[in-house]
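Student: Here you go, one structure.
Residue numbers (our numbering): 119 to 825.
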């Protein structure tokens, strides 16, 4: 099956002719995925404010937005050291008596001086802040008390290059055109009825033009993003993603695989055992069997290997590589960072030597002469396995017979980057790997174009990590003392949220923490590692640590993947509430990796200066070492956000928060619906509006180095 070509826009869906839309604005919109009126109409408001209400300032919660009518008691404005400051003292009359509060402005506001006359009645709109007994409004909107306001103030998400008023005007103009021309709903009526979803046009009208007279419950649902109209647009987003993934899968697997599989299962197993110094686990053998079945099928493999930290994904990738190389193909292994790429080289080199496989490494830092010789060997077919970073994607990297692409930590690469690597070999087999634990249902749904293998078993000899939590405003001192005590016996890591003190001086940074540990551990060497360092600098620190010359590495999350120091037995994550649970679990996986090498059990220390909620959230890491349980909790609390590349340019600005509940049910329903629609109509010929949305969708690129 070939994917349907990009569907032309119906004349009514074109942006041409919208009021105030010139060629430059149209170009800006197109760059960001807004091609038609339907795209703009799906750019729904982010916030609504009911401006009919009037609030009591003394009853407002800290941080709550209020609309207050009050009387000016005193007003002063001045410049101090070149900075403007205006302070207005006000009083609001209530049934319980006068309630004083203060408003402040740090830049000039039109009409501020005129309205500041003592005794004036004014209307203020802003967020209330409580400073002891004082209630403060900072930079509130200021109007006359009898000013007429629209019943609703509707605010739209930003579109780069456009002002707020332009975004609102264009979105509403697009909606008006849809209302006049959109006669057929993109979703079948039976599907909408089964899921309890409203028609698309009705949903869009309610979100762009909600009636101020809605019931309080409906109004709360709209303001919280939980209304049936929001559910409809969220389902559409998810359905578009699933259709794109399934169409990509069908298109990619429609060709013949460049490399098959040689016969002799028993021979392959014995050959693998000879090359590696340990017996694979049952989970690894199961994944290897699934991969070999794919390789023997005659179609390009599309498979995700998902395993908890330390589950042995590299061995599975080596087994797949060995099978392809023995059949005459070459293998490319792409990692997101130089640290991880070099780690793969260190791990795979002795296995490849035992197998007679020629291996090489290419990164952005590779010397020119070394790079030229390496690429010549790849082109000639003299190099079997090439490891690299994004440097693999450059035009001068060409293979004689690329049979397999292995992509590690795949969530850090976007759809385009994976496609660029695959295109170097026509339709090579694709194996992607992730150590980020993903709940099974979510993995099967998000990675719709991939078959999934799960490594749910750790190699023997891995000692479970003990995790301790230090919580409270004064918890950092005992946490660092505990880490220092451990670091006197075993190598250790400390992870901080930032490299150096910045906008958050209350948050630990690498440089200050390293200085503190040097004072606590006199005579011991402390290293630092973060994303601002060059690749050679990072490599030097890791090599020194691996050689036992450093007691502690203080780092950012750059150590999350690829840093494999078997002797490391302790880690402290400071301000752990700044990180996701799954990310902390990844960091915890950096220790205890050397089976039987240390008598000291691995220990993970978590610090938070937050309150009871932060401590309760982190407690799951104390209670379990199961990455999938951790991921389930992370999913329930935060949703997947956008790390998985779900966001599509031009899609409605919705987030998949709360996916463990209603959102996950919609996600599963979207997967089922996409399969059913394509089974009946592979080219989406009967769904022109849906086809247009799917074929012109531009998948987001996810990538970048951590730390």
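We put the CB at the ideal spot given by N, CA and C, even for glycine.
When burial is assigned at 16 or more other CB atoms within 10 Å of the CB, is residue 701 buried or exposed?
Tutor: As a working mapping, residue 701 is identified with position 583 in the chain shown. That one is buried.
Student: Using the three-state DSSP reduction, which class does residue 585 fall into: helix, strand or coil?
Tutor: Position 467 of the chain shown, counted from the start, is the residue given in the question as residue 585. Note: residue 585 maps to strand in three-state DSSP.
Student: With DSSP as the reference, label residue 274 as helix, strand or coil.
Tutor: Counted from its first residue, the chain shown places residue 274 at position 156. In the three-state DSSP reduction, residue 274 falls in the coil class, being neither helix nor strand.
Student: Could you pull the DSSP bridge partners for residue 142 from this structure?
Tutor: Position 24 of the chain shown, counting from 1, holds the residue named residue 142. Its beta-bridge partners do not exist; DSSP assigns none.
Student: How many angstroms separate the CA atom of residue 226 from the CA atom of residue 782?
Tutor: Here residue 226 refers to the residue found at position 108 when the chain shown is read from its first residue. Here residue 782 refers to the residue found at position 664 when the chain shown is read from its first residue. If I take the Cα positions, the gap works out to 48 angstroms.
Student: Between 517, 390, 403 and 411, which lies nearest to residue 474 when the distance is taken from Cα to Cα?
Tutor: As a first step, residue 474 must be located in the chain shown, where it is residue number 356. Per the Cα distances, 390.
Student: Note down, in chain order, each residue of its chain lying with its Cβ closer than 7 angstroms to the Cβ of residue 274, except the 5 sequence neighbours on either side.
Tutor: Looking up residue 274 in the chain shown gives position 156. Same-chain partners within the cutoff: 161, 163, 164, 282, 285, 286 and 289.
Student: Would residue 421 and residue 549 qualify as a contact pair, given that the criterion is a beta-carbon distance under 8 angstroms?
Tutor: Position 303 of the chain shown, counted from the first residue, corresponds to residue 421. Position 431 of the chain shown, counted from the first residue, corresponds to residue 549. In this structure, residue 421 places its C-beta atom within 8 angstroms of the C-beta atom of residue 549.
Student: What does a CB cutoff of less than 6 angstroms around residue 759 pick up in its chain, not counting 5 residues either side in sequence?
Tutor: Residue mapping note: residue 759 aligns to position 641 of the chain shown, counting from 1. Per-residue confidence for residue 759 stands at a pLDDT of 46, beneath the threshold of 50, marking its modelled position as unreliable; the derived number appears in the next sentence. Contacts found: none.
Student: Please list the terminal residues of the continuous beta strand (DSSP E) segment that includes residue 211.
Tutor: Within the chain shown, numbered from 1, the residue matching residue 211 stands at position 93. Looking at the DSSP string, the run of the beta strand (DSSP E) that includes residue 211 is 201-212.
Student: Name the DSSP bridge partner or partners of residue 183?
Tutor: To locate residue 183, count along the chain shown from 1; it is residue 65. Paired residue(s): 245.
Student: By DSSP, does residue 130 sit in helix, in strand, or in coil?
Tutor: Residue 130 sits at position 12 when you count from the first residue of the chain shown. Three-state DSSP puts residue 130 in a helix.
Student: Of all the options 427, 734, 437 and 248, which has the alpha carbon lying nearest to the alpha carbon of residue 385?
Tutor: Along the chain shown, read from residue 1 onward, the residue named residue 385 stands at position 267. If we check each option's Cα against that of residue 385, 437 comes out closest.
Student: Output needed for residue 128: all residues of its chain with C-beta closer than 6 angstroms, excluding positions within five of it in sequence on either side, in chain order.
Tutor: For the purposes of this step, residue 128 is identified with residue 10 of the chain shown, where counting begins at 1. Excluding positions up to five away in sequence, the list is empty.
Student: Excluding five sequence neighbours on each side, which residues of the same chain lie with their C-beta closer than 7 angstroms to the C-beta of residue 400?
Tutor: Here residue 400 refers to the residue found at position 282 of the chain shown. Around residue 400: 575.
Student: Under a Cβ-count criterion, where at least 16 other Cβ atoms within 10 Å of its own Cβ denotes burial, should residue 808 be classed as buried or exposed?
Tutor: Within the chain shown, residue 808 is the residue found at index 690, counting from 1. With 16 or more other Cβ atoms within 10 Å, it is buried.
Student: Between which two residues does the alpha helix (DSSP H) harbouring residue 726 extend?
Tutor: Here residue 726 refers to the residue found at position 608 of the chain shown. Element bounds for residue 726: not the alpha helix (DSSP H) but the beta strand (DSSP E), 721-726.
Student: Quick one: what's got a C-beta closer than 8 angstroms to residue 361's C-beta in the same chain, skipping five residues either side?
Tutor: Along the chain shown, read from residue 1 onward, the residue named residue 361 stands at position 243. Closer than 8 angstroms at Cβ, skipping near neighbours: 792, 795, 796, 802, 808 and 812.
Student: Is it buried or exposed for residue 133, if we count other Cβ within 10 angstroms and need 16 for buried?
Tutor: Taking the first residue of the chain shown as 1, we reach residue 133 at position 15. Counting Cβ neighbours within 10 Å, residue 133 comes out buried, since at least 16 surround it.
Student: Give the DSSP-derived three-state secondary structure of residue 162 in the structure shown.
Tutor: The count along the chain shown starts at 1 and reaches residue 162 at position 44. Here residue 162 sits in coil by DSSP.
Student: Can you tell me whether residue 236 is buried or exposed, with buried defined as 16 or more other CB within 10 angstroms of its CB?
Tutor: Stepping through the chain shown from its first residue, residue 236 is reached at position 118. Answer is exposed; the Cβ neighbour count stays below 16.
Student: Looking at residue 527 and residue 458, is the spacing between their C-beta atoms short of 8 angstroms?
Tutor: Position 340 of the chain shown holds residue 458. Position 409 of the chain shown holds residue 527. Here residue 458 is near residue 527, since their CB atoms are less than 8 angstroms apart.
Student: Enumerate, from N- to C-terminal direction, the unbroken alpha helix (DSSP H) stretches of 4 or more residues contained entirely within the stretch 275-305.
Tutor: 282-299
Student: Looking at the structure shown, is residue 648 part of a helix, part of a strand, or coil, going by DSSP?
Tutor: Here the question's residue 648 lines up with position 530 in the chain shown. Three-state DSSP puts residue 648 in coil, outside helix and strand.
Student: Bridge partners for residue 223 per DSSP, in chain order?
Tutor: Against the chain shown, residue 223 aligns to sequence position 105. According to DSSP, residue 223 bridges with 204.
Student: Given a threshold of 16 other Cβ atoms within 10 Å of its Cβ, counted over all protein chains shown, does residue 353 qualify as buried or as exposed?
Tutor: Counted from its first residue, the chain shown places residue 353 at position 235. Residue 353 is buried by the Cβ-count criterion.
Student: My understanding is that residue 499 touches residue 461, with C-beta atoms under 8 angstroms, so please give their C-beta distance in whole angstroms.
Tutor: In the chain shown, the residue the question calls residue 499 occupies position 381. In the chain shown, the residue the question calls residue 461 occupies position 343. At roughly 26 angstroms, the Cβ-Cβ gap does not stay under 8 angstroms, so residue 499 and residue 461 are not in contact.
Student: Which residues share a DSSP beta bridge with residue 611?
Tutor: The residue labelled residue 611 in the question sits at position 493 within the chain shown. Answer is 671 and 689, bridged to residue 611.
Student: Taking the beta carbon of residue 413 as the centre, do at least 16 other beta carbons fall within 10 Å, making it buried, or is it exposed?
Tutor: Mapped onto the chain shown, residue 413 falls at position 295. Buried.
Student: Since residue 253 contacts residue 175 with CB under 8 angstroms, what's their CB separation in whole angstroms?
Tutor: The count along the chain shown starts at 1 and reaches residue 253 at position 135. The count along the chain shown starts at 1 and reaches residue 175 at position 57. For a cut-off of 8 angstroms, the C-beta gap from residue 253 to residue 175 is around 6 angstroms, short enough to register as a contact.
Student: Between which two residues does the beta strand (DSSP E) carrying residue 554 extend?
Tutor: Taking the chain shown and counting its residues from 1, one reaches residue 554 at position 436. Neither: residue 554 is in no beta strand (DSSP E) and is coded neither H nor E.
Student: Given 7 angstroms as the limit, tell me if residue 414 has its C-beta closer than that to any heavy atom belonging to the ligand NAP.
Tutor: Absent from the structure shown: the ligand NAP. Ligands present: none.
Student: Considering only residues of the same chain and omitting the five flanking positions on each side of residue 644, which have a CB-CB separation below 6 angstroms?
Tutor: Start at 1 with the first residue of the chain shown, and residue 644 comes out as number 526. So the qualifying residues of the chain are 632, 635, 636 and 670.
Student: Helix, strand or coil: which one does DSSP assign to residue 231?
Tutor: Numbered from 1 along the chain shown, position 113 holds the residue referred to as residue 231. Secondary structure at residue 231: helix, using DSSP grouped into helix, strand and coil.
Student: Got a sec? Which residues, its chain only, sit under 7 angstroms from residue 316 by beta carbon, not counting five neighbours each side?
Tutor: Looking up residue 316 in the chain shown gives position 198. These residues qualify, in order along the chain: 346, 347 and 350.
Student: Would a C-beta distance cut-off of 8 angstroms place residue 180 and residue 247 closer than the cut-off?
Tutor: Locating residue 180 in the chain shown gives position 62, counting from the first residue. Locating residue 247 in the chain shown gives position 129, counting from the first residue. Against a cut-off of 8 angstroms, the Cβ pair of residue 247 and residue 180 comes out as a contact.
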